[in-house]
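**Q** Below you will find the structure I want to go over with you.
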Amino acid sequence: MSVEGLSINLATIRAQCDFTEAVDICLKRGITAIAPWRDQVAAIGLGEAARIVRSNGLTLTGLCRGGFFPAAEAAGREKALDDNRRAIDEAAELGADCLVLVVGGLPGGSKDIEAARRMVEEGIAEVLPHARAAGVPLAIEPLHPMYAADRACVNTLGQALDICDALGPGVGVAIDVYHVWWDPDLANQIARAGRMKAILAHHICDWLVPTGDMLTDRGMMGDGIIDLKRIRRQIESAGFRGPQEVEIFSAENWWKRPAEEVIATCVERFRSCC
Numbered sequence: 001m002s003v004e005g006l007s008i009n010l011a012t013i014r015a016q017c018d019f020t021e022a023v024d025i026c027l028k029r030g031i032t033a034i035a036p037w038r039d040q041v042a043a044i045g046l047g048e049a050a051r052i053v054r055s056n057g058l059t060l061t062g063l064c065r066g067g068f069f070p071a072a073e074a075a076g077r078e079k080a081l082d083d084n085r086r087a088i089d090e091a092a093e094l095g096a097d098c099l100v101l102v103v104g105g106l107p108g109g110s111k112d113i114e115a116a117r118r119m120v121e122e123g124i125a126e127v128l129p130h131a132r133a134a135g136v137p138l139a140i141e142p143l144h145p146m147y148a149a150d151r152a153c154v155n156t157l158g159q160a161l162d163i164c165d166a167l168g169p170g171v172g173v174a175i176d177v178y179h180v181w182w183d184p185d186l187a188n189q190i191a192r193a194g195r196m197k198a199i200l201a202h203h204i205c206d207w208l209v210p211t212g213d214m215l216t217d218r219g220m221m222g223d224g225i226i227d228l229k230r231i232r233r234q235i236e237s238a239g240f241r242g243p244q245e246v247e248i249f250s251a252e253n254w255w256k257r258p259a260e261e262v263i264a265t266c267v268e269r270f271r272s273c274c
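Mapping the sequence shown onto the UniProt record's numbering, position 113 (from 1) lands on 113, and the numbers just tick up by one.
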């Protein structure tokens, strides 16, 4: 039986299996939408990954990831631009719906977050013509403020949409509930994103209380405190009808369980909690 409306970000079972194995497990559960990471694709080769995608009729709700634009030196910024152009080409070859951007934090030794944010906008502007030519939308993913220093200095949906406003077509947002659930202006910004037709992806998991690790202790849907159904209603009211993409980093729980159990649980919780 197919599972409509559900995508699996392959980070959810990255500890247990490679790209090919993960696809097989998803297909056995009737899941035909996935979102791989670039290292998972590279491990089997871009050509082979693209063949698997095409031969199985898979939808790629995103490719993870581009970004990390800020750097202390011009050479570092240029290196990031080159890597993002490669990521765009990979997303195009795979037929991904978007390239997800984790934009990067402060350059080493810097305390100037505004300068880092300018580097982000400038970096996206530099690679945007390449993305437009390749037909690959760029999805800015705002990350929770706890990641502002090292992973993403764009921390609210409003900030991400301001960049989209400034840069125009070809740039949108990936809304990950783990990063934005706390935002008091979230409903207004989701509605704004809808008016801009900027919602490119919707990522789901849950926020555990307590959270044992900032990066690798995300919860399975229903195990935490995020109002997943409310956020889904807001996103769908804003016009997004794409799959919800489960993305769970869980070093001490879900990454230690059999991949088949994890995916089965994703399906059950998607149906009951989302």
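C-beta atoms are modelled at their ideal positions from N, C-alpha and C, and glycine is treated no differently. These numbers come from a predicted model, not from an experiment.
(1) DSSP three-state call for residue 333: helix, strand or coil?
(2) Going by beta carbon distance, what residues of the same chain come within less than 7 Å of R85, once the five residues before and after it are set aside?
(3) Just tell me which of I263, E268, C274 and L106 has its CA closest to the CA of E21.
(4) Out of G45, I235, F270 and A238, point me to the one whose CA is closest to G219's CA.
(5) So R65 is in the beta strand (DSSP E); what residue range does that whole segment cover?
(6) Please confirm if the segment 108-127 is in contact with the segment 200-215, defined as three or more CB-CB distances below 8 Å between the two stretches.
(7) Check the C-beta distance from C153 over to V120 and give it rounded, since I have them as a contact under 8 Å.
(8) Are the CB atoms of T59 and I248 nearer to each other than 8 Å?
(9) Hey, how far is the Cα of R117 from the Cα of G170?
(10) Find out if the Cβ-Cβ distance for the pair I199, A193 is shorter than 8 Å.
(11) Determine the burial state of W182: buried for a count of at least 16 other Cβ atoms within 10 Å of its Cβ, exposed for fewer.
(12) Name the DSSP bridge partner or partners of residue 275?
(13) Report yes if the C-beta distance between W254 and I225 is below 8 Å; otherwise report no.
(14) Measuring CB to CB, does P70 end up less than 8 Å from L106?
(15) Please look up how many angstroms separate the CB atoms of G5 and P243, rounded, as I've assumed it's under 8 Å.
(16) From R54 to A43, what does the alpha carbon distance come to, in whole angstroms?
(17) Candidates D83, A75, A92 and F240: which alpha carbon is nearest G62's?
(18) Helix, strand or coil for residue 275, going by three-state DSSP, please let me know.
(19) Is S237 helix, strand or coil when you go by DSSP?
(20) With H, G and I counted as helix, E and B as strand and the rest as coil, what does DSSP make of residue 298?
(21) With which residues is G219 paired in a DSSP beta bridge?
(22) Which one of A139, Y178, D185 and M146 has the shortest CA to CA distance from G158?
(23) Just how far apart, CA to CA, sit L94 and Y147?
(24) Run the CB neighbour count on N9, radius 10 Å, all protein chains shown included, and call it buried at 16 or more, exposed below.
(25) Answer yes or no: do V100 and P142 have a C-beta to C-beta separation smaller than 8 Å?
(26) Cα separation between I231 and E122?
(27) Determine the closest residue to A35 out of K28, R65, A15 and Q16, with distance taken between C-alpha atoms.
**A** Quick answer:
(1) Lying before the first or after the last residue shown, residue 333 is absent from the chain, which here runs from 1 to 274.
(2) As a working mapping, residue 85 is identified with position 85 in the sequence shown. If we look at R85 and ignore the five residues flanking it on each side, its Cβ neighbours are V127 and H130.
(3) Mapped onto the sequence shown, residue 21 falls at position 21. Measuring from the Cα of E21, the nearest candidate turns out to be I263.
(4) As a first step, residue 219 must be located in the sequence shown, where it is residue number 219. Minimum Cα distance to G219 is reached at F270.
(5) For this step, residue 65 is matched to residue 65 along the sequence shown. L63 to G67 is the extent of the beta strand (DSSP E) around R65.
(6) no
(7) As a first step, residue 153 must be located in the sequence shown, where it is residue number 153. As a first step, residue 120 must be located in the sequence shown, where it is residue number 120. Contact flag correct, Cβ pair sits at about 6 Å.
(8) For the purposes of this step, residue 59 is taken as the residue at position 59 of the sequence shown. For the purposes of this step, residue 248 is taken as the residue at position 248 of the sequence shown. No, they are not a contact pair.
(9) Residue numbering aside, residue 117 sits at position 117 when the sequence shown is read from its first letter. Residue numbering aside, residue 170 sits at position 170 when the sequence shown is read from its first letter. For R117 and G170, the gap between their C-alpha atoms comes out near 19 Å.
(10) The residue given as residue 199 occupies position 199 in the sequence shown. The residue given as residue 193 occupies position 193 in the sequence shown. Against a cut-off of 8 Å, the Cβ pair of A193 and I199 comes out as a contact.
(11) Locating residue 182 in the sequence shown gives position 182, where the first residue counts as 1. By the neighbour-count rule (16 or more Cβ atoms within 10 Å), W182 is not buried but exposed.
(12) A query on residue 275 cannot be resolved here, the shown segment of the chain reaching from 1 to 274 and no further.
(13) Reading the sequence shown from its first residue, position 254 is the one you call residue 254. Reading the sequence shown from its first residue, position 225 is the one you call residue 225. Not closer than 8 Å, so no.
(14) For the purposes of this step, residue 70 is taken as the residue at position 70 of the sequence shown. For the purposes of this step, residue 106 is taken as the residue at position 106 of the sequence shown. Yes, they are a contact pair.
(15) Against the sequence shown, residue 5 aligns to sequence position 5. Against the sequence shown, residue 243 aligns to sequence position 243. Confirmed, about 5 Å.
(16) In the sequence shown, residue 54 corresponds to position 54, counting from 1. In the sequence shown, residue 43 corresponds to position 43, counting from 1. Answer to the nearest angstrom: the Cα atoms are 18 Å apart.
(17) Here residue 62 corresponds to residue number 62 of the sequence shown, with the count starting at 1. Taking only the C-alpha atoms, the option nearest G62 is A92.
(18) Since the displayed the chain opens at 1 and closes at 274, residue 275 lies outside it and no answer follows.
(19) The count along the sequence shown starts at 1 and reaches residue 237 at position 237. Of the three classes helix, strand and coil, the one that applies to S237 here is helix, per DSSP.
(20) Summary: the structure shown does not reach residue 298, with the chain confined to residues 1 through 274, and so no result is reported for it.
(21) Here residue 219 refers to the residue found at position 219 when the sequence shown is read from its first residue. Beta-bridge pairing links G219 to D206.
(22) Reading the sequence shown from its first residue, position 158 is the one you call residue 158. Cα-wise, what sits closest to G158 is D185.
(23) Start at 1 with the first residue of the sequence shown, and residue 94 comes out as number 94. Start at 1 with the first residue of the sequence shown, and residue 147 comes out as number 147. Roughly 29 Å between the two C-alpha positions.
(24) Against the sequence shown, residue 9 aligns to sequence position 9. It is buried - the Cβ of N9 has at least 16 other Cβ atoms within 10 Å.
(25) Position 100 of the sequence shown holds residue 100. Position 142 of the sequence shown holds residue 142. The answer is no: Cβ separation not under 8 Å.
(26) For the purposes of this step, residue 231 is taken as residue 231 along the sequence shown, with counting starting at 1. For the purposes of this step, residue 122 is taken as residue 122 along the sequence shown, with counting starting at 1. If you take the alpha carbons of I231 and E122, they lie about 31 Å apart.
(27) What you label residue 35 is simply residue 35 of the sequence shown in a count that begins at 1. The shortest Cα separation from A35 among K28, R65, A15 and Q16 belongs to R65.
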